[in-house]
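First the structure, in the form of structure tokens, and then the observations on it.
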Amino acid sequence: MRFDADLAAYIFLTLLALMAVADWADPPAPQGQGCRVGYVYDGDSLELICGELRETARLLDIDTPELQGRCPEEVAAAQAAKQALAALVKGAAAVEVRIEGRDKYRRPLVRLRLDGRDAAEAMIAAGQGRAYDGGHRRGWCG
Numbered sequence: 000m001r002f003d004a005d006l007a008a009y010i011f012l013t014l015l016a017l018m019a020v021a022d023w024a025d026p027p028a029p030q031g032q033g034c035r036v037g038y039v040y041d042g043d044s045l046e047l048i049c050g051e052l053r054e055t056a057r058l059l060d061i062d063t064p065e066l067q068g069r070c071p072e073e074v075a076a077a078q079a080a081k082q083a084l085a086a087l088v089k090g091a092a093a094v095e096v097r098i099e100g101r102d103k104y105r106r107p108l109v110r111l112r113l114d115g116r117d118a119a120e121a122m123i124a125a126g127q128g129r130a131y132d133g134g135h136r137r138g139w140c141g
């Protein structure tokens with residue numbers, strides 16, 4: 000009977016330690032209050048600064064060309080999209096960030112509102128990206 004008690008204690012302590020490590024390795028995501036944009040990486044990815052935490056985040060509902068694109072046209076379009084998002088962020092008097100989950104790379108998925116307007120909608124309206132719902136992405140080359 001002593002063996003069962005020792006085994007139960009060992010399992011309990013192991014689970015307790017694993018829970019502590021899980022909280023340390025994957026801290027709760029900030030909810031967006033007090034967050035600001037630190038850097039624009041490309042047309043749909045940016046650095047979020049929430050207190051002491053800095054994370055690369057992805058805008059919801061938009062896909063933009065990749066800076067490491069498959070063709071020169073995609074690279075040029077990606078640079079234009081990055082500049083467009085950076086200009087929108089820089090020109091905004093009011094920035095609102097709402098985190099709505101995480102993607103497969105564990106990046107926060109954010110809804111970014113600049114002066115009350117959804118940044119993804121503004122980028123799409125300006126021809127800098129496409130509506131994206133998380134499914135298969137179309138290419139940007141010919």
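If you count by numbering that gives the first Met the number 0, then the sequence shown holds residues 0 to 141, one letter each, in order. Virtual Cβ for every residue (Gly too), placed ideally from N, Cα, C. No experiment lies behind these values; they were computed from the predicted model shown.
Helix, strand or coil, according to DSSP, for residue i in the structure here?
{"i": "GLU120", "result": "helix"}
{"i": "ALA93", "result": "coil"}
{"i": "THR55", "result": "strand"}
{"i": "PRO107", "result": "strand"}
{"i": "ALA76", "result": "helix"}
{"i": "TYR38", "result": "strand"}
{"i": "GLN30", "result": "Residue confidence for GLN30 is low, a pLDDT of 49 falling below 50, so the modelled location carries little weight and cannot support an answer."}
Cβ atoms of residue j and residue i: under 8 Å apart, would you say?
{"i": "ALA83", "j": "GLY37", "result": "no"}
{"i": "TRP139", "j": "PRO64", "result": "yes"}
{"i": "ASP102", "j": "ARG57", "result": "yes"}
{"i": "LEU59", "j": "VAL109", "result": "yes"}
{"i": "LEU45", "j": "PRO107", "result": "no"}
Excluding five sequence neighbours on each side, which residues of the same chain lie with their C-beta closer than 6 Å to the C-beta of residue i?
{"i": "CYS124", "result": "A small fix is needed here, since residue 124 is Ala in this sequence, not Cys. Counting only Cβ-Cβ distances below 6 Å, and skipping sequence neighbours, we find nothing."}
{"i": "LEU66", "result": "ASP41 and ALA77"}
Can you say whether residue i is buried or exposed, counting buried as having 16 or more other CB atoms within 10 angstroms of its CB?
{"i": "ALA118", "result": "buried"}
{"i": "TYR104", "result": "exposed"}
With a threshold of 7 Å on Cβ separation, who are the neighbours of residue i within its own chain once the five nearest residues in sequence on each side are excluded?
{"i": "GLN127", "result": "GLY42, THR63, ALA79, ALA80 and ALA83"}
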